[in-house]
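Structure first, then comments.
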Amino acid sequence: MTKPKLPKEFIKLCKKVTAKRPRTVIDHILKHGFVTTQELKDKYGYNHPPRAVRDVKENGIPIEMFRVEGTDGRKIAAYRFGNPNKSRFGKFIGRTAFTKDLKRALIEKYGPRCAIYLEPFGERELQIDHRIPFEVAGDAAEGKQDPEDFMLLCGSANRAKSWSCAHCANWLEQKDTNICRSCYWAYPEDYTHIAMRQARRLDIMWTDAEVSVYDRMKKKTEELQQEMPAYVKKIIERNL
85 MTKPKLPKEF IKLCKKVTAK RPRTVIDHIL KHGFVTTQEL KDKYGYNHPP RAVRDVKENG
145 IPIEMFRVEG TDGRKIAAYR FGNPNKSRFG KFIGRTAFTK DLKRALIEKY GPRCAIYLEP
205 FGERELQIDH RIPFEVAGDA AEGKQDPEDF MLLCGSANRA KSWSCAHCAN WLEQKDTNIC
265 RSCYWAYPED YTHIAMRQAR RLDIMWTDAE VSVYDRMKKK TEELQQEMPA YVKKIIERNL
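Per this note's numbering, residue 85 is the first one in the sequence shown, and the count goes up by one each step.
Written out as structure tokens, the structure is:
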């Protein structure tokens with residue numbers, strides 16, 4: 085595949101990204117024209133390639149996905165730079181790292197729990213995330229980190245949010261922070277849509293002694309040949 089000729093200014097700005105993960109992706113694409121999910125896993129050890137690609141996007145660099153043939157003959161995802169004219173450098177370049185003080189402030193404000201599952205987690209298991217995706221809003225001026233702009237998520241919830249946001253039309257095209265402000269993934273306590281879809285969501289986690297309740301319910305749905313979500317909905321409807 086022929087490497088596209090990129091504007092010198094675009095390349096210069098790309099090279100200003102210093103964080104290791106996005107810089108690895110950027111350097112590979114600059115050298116080879118694209119990078120595959122297989123290369124991100126096998127060569128660089130990134131077990132979640134979309135996260136590495138998202139890091140590049142969050143620095144204001146357009147990335148597009150396409151398909152190539154992998155070593156086993158199957159089609160796999162590959163990534164290359166998008167239209168340089170759609171670059172959003174500026175407030176997106178040089179993303180501010182999260183501080184220990186910010187995490188401490190979030191725990192003091194919300195407790196050591198995931199904002200999506202509303203369950204307690206060990207502090208090390210909780211990750212700081214922008215309520216409004218960085219790729220949409222960037223960081224505050226002068227790196228100010230207001231706890232109101234962030235949330236604590238467990239790894240599972242953070243991955244689910246990342247996937248949903250990355251496939252949202254607002255993330256991809258519109259970049260309207262007001263749309264994010266009424267989204268479940270930004271404000272699960274008060275929302276009107278989920279990634280611009282008219283839907284409602286309830287994420288439930290069974291832990292410790294509660295696991296036995298989940299196991300009994302799972303066994304029951306298997307006996308009834310029903311899917312778990314549909315079964316739970318029926319129980320809720322009967323008891324409202």
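Even for Gly, the Cβ is constructed at its ideal location relative to N, Cα and C. Fair warning: this is a prediction, and the values are worked out from it, not measured in the lab.
Along the chain, where does the alpha helix (DSSP H) containing CYS198 start, and where does it finish? Start at 1 with the first residue of the sequence shown, and residue 198 comes out as number 114. First-last for CYS198: undefined, no H or E at that position.
Beta-bridge partners of ASP213, as assigned by DSSP: As a first step, residue 213 is located in the sequence shown; it is residue number 129 there, counting from the start. ASP213 is bridged to MET235.
For GLU148, the three-state DSSP class (helix, strand or coil): To locate residue 148, count along the sequence shown from 1; it is residue 64. Reduced to three states, the DSSP call for GLU148 is strand.
For HIS112, does the three-state DSSP call read helix, strand or coil? For this step, residue 112 is matched to residue 28 along the sequence shown. When DSSP states are grouped into helix, strand and coil, HIS112 belongs to the helix group.
Straight-line gap, GLU311 to GLU257 (C-alpha atoms, nearest Å): As a working mapping, residue 311 is identified with position 227 in the sequence shown. As a working mapping, residue 257 is identified with position 173 in the sequence shown. Using only the alpha carbons, I get a separation of about 35 Å.
I'd like to know if the region 160-169 and the region 180-200 are in contact, where contact means that at least 3 CB-CB pairs between them fall below 8 Å. no
For ALA253, which residues in the same chain have their Cβ closer than 6 Å to its Cβ, ignoring the five residues on either side in sequence? Position 169 of the sequence shown, counted from the start, is the residue given in the question as residue 253. The answer, listed in chain order, is MET280.
One or two residues paired with PRO204 in a DSSP bridge: Position 120 of the sequence shown, counting from 1, holds the residue named residue 204. ARG197, per the DSSP bridge assignment.
Which word fits MET235, buried or exposed, when buried means at least 16 other C-beta atoms lie within 10 angstroms of its C-beta? Here residue 235 corresponds to residue number 151 of the sequence shown, with the count starting at 1. When all chains shown are included, MET235 counts as buried.
Strand pairing of CYS267, partner residues [DSSP]: Taking the sequence shown and counting its residues from 1, the one referred to as residue 267 is at position 183. CYS267 is bridged to HIS277.
Which residue's Cα is closest to the Cα of LEU286: PRO272, ALA103, CYS249? For the purposes of this step, residue 286 is taken as the residue at position 202 of the sequence shown. Among PRO272, ALA103, CYS249, the Cα nearest to that of LEU286 belongs to PRO272.
Among THR120, HIS132, VAL101, LEU114, the one whose alpha carbon lies nearest that of TRP247: Here residue 247 refers to the residue found at position 163 of the sequence shown. Closest by alpha carbon: HIS132.
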